[in-house]
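Numbering-wise, the UniProt record's numbering puts 4 at position 4 of the sequence shown, and it's gapless, one number per residue. Okay, so here's the structure we're looking at.
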Amino acid sequence: MPSDPSNSDTPRTISDLDSTVETQRQRLNTVTQETRFVLIQNILSHPKQLPSLKELNYVNPSKSQSTIREHLEILIEEGIVEERVLPDDRRQRDLPWRFYGLTEEGRALLSEAGLLRAEATLQDMYTRLDTTPEIDKYAQAVRPGHATE
């Protein structure tokens with residue numbers, strides 16, 4: 001099917017194409033940086049694909065919470081990950097209300113780069129993870145946009 005010349009996403013010049021390629025290259029470099037790639041794998045492996053910061057901290061014991069937060073912010077700035085917040089009236093005491101998940105754009109980027117092939121394996125590995133009762137409770141917490149919300 002021929003491309004639609006009115007489509008604003010279609011590069012119109014070599015310069016536009018170069019800019020698009022450079023943007024994609026930069027975004028791939030962002031997601032393949034070791035810590036950020038691990039965080040993306042953690043998000044993909046989570047049963048609801050929306051872990052809280054505490055859950056991410058638990059599965060990354062060698063990283064400080066501030067390091068995890070810093071790398072999440074970079075992924076958010078690049079449009080790969082989004083922060084999803086539970087509305088005030090849905091929050092429960094001692095349970096998380098802020099979560100991190102892939103954006104549609106982030107998922108598309110990972111898919112195009114062939115980085116989603118291990119998604120089912122990652123989810124299977126998560127089910128085998130030894131967790132504390134607190135982390136189990138966090139994993140069962142209501143997430144934004146889920147039917148149990």
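Glycine included, every Cβ here is placed at the ideal spot set by N, Cα and C. Quick caveat, the model's predicted, so the values are computed rather than measured.
Limits of the alpha helix (DSSP H) - the one that residue i falls within
i: valine 38; result: 34–45
i: lysine 137; result: 133–139
i: aspartate 124; result: 119–127
Distance between beta carbons of residue j and residue i, contact taken as under 8 Å
i: serine 52; j: tyrosine 138; result: 6 Å
i: methionine 102; j: glutamine 49; result: One point to set straight first is that residue 102 is leucine, not methionine, in the sequence displayed. With a Cβ gap of about 7 Å, leucine 102 and glutamine 49 count as contacting.
i: leucine 44; j: glutamate 119; result: 5 Å
i: leucine 39; j: leucine 75; result: 7 Å
i: valine 59; j: asparagine 42; result: 5 Å
i: arginine 107; j: glutamate 83; result: Not really, about 16 Å apart at Cβ, beyond 8 Å.
i: glycine 79; j: glutamate 105; result: 5 Å
First through last residue of the beta strand (DSSP E) which encompasses residue i
i: glutamate 55; result: Here glutamate 55 belongs to no beta strand (DSSP E); instead the alpha helix (DSSP H) covers 53–58.
i: glycine 114; result: That residue, glycine 114, is in no beta strand (DSSP E); it is neither H nor E in DSSP.
i: leucine 102; result: 98–102
Nearest residue (CA-CA) to residue i, options the options
i: leucine 109; options: Thr13, Ile14, Asn29; result: Asn29
i: alanine 113; options: Arg12, Ile14, Arg27; result: Arg27
i: arginine 93; options: Asp130, Val142, Thr67, Tyr100; result: Val142
i: proline 133; options: Leu116, Lys54, Arg12; result: Lys54
i: tyrosine 100; options: Ile14, Glu77, Asp136; result: Glu77
i: leucine 129; options: Gln140, Val81, Ser111, His46; result: His46
i: phenylalanine 37; options: Thr13, Arg12, Val81; result: Val81
Check: residue i C-beta below 6 Å from any heavy atom of the ligand COA
i: arginine 12; result: Among the ligands in the structure shown, none appear at all, so the ligand COA cannot be discussed.
Looking at C-beta atoms only, is the number of pairs between the segment 79–88 and the segment 55–65 that lie closer than 8 Å three or more? no
Does the structure place the segment 67–74 close enough to the segment 33–50 that three or more beta carbon pairs sit under 8 Å? yes
Please specify which runs of the alpha helix (DSSP H), each continuous and at least 4 residues long, are wholly inside the segment 63–94, giving them in chain order. 65–77
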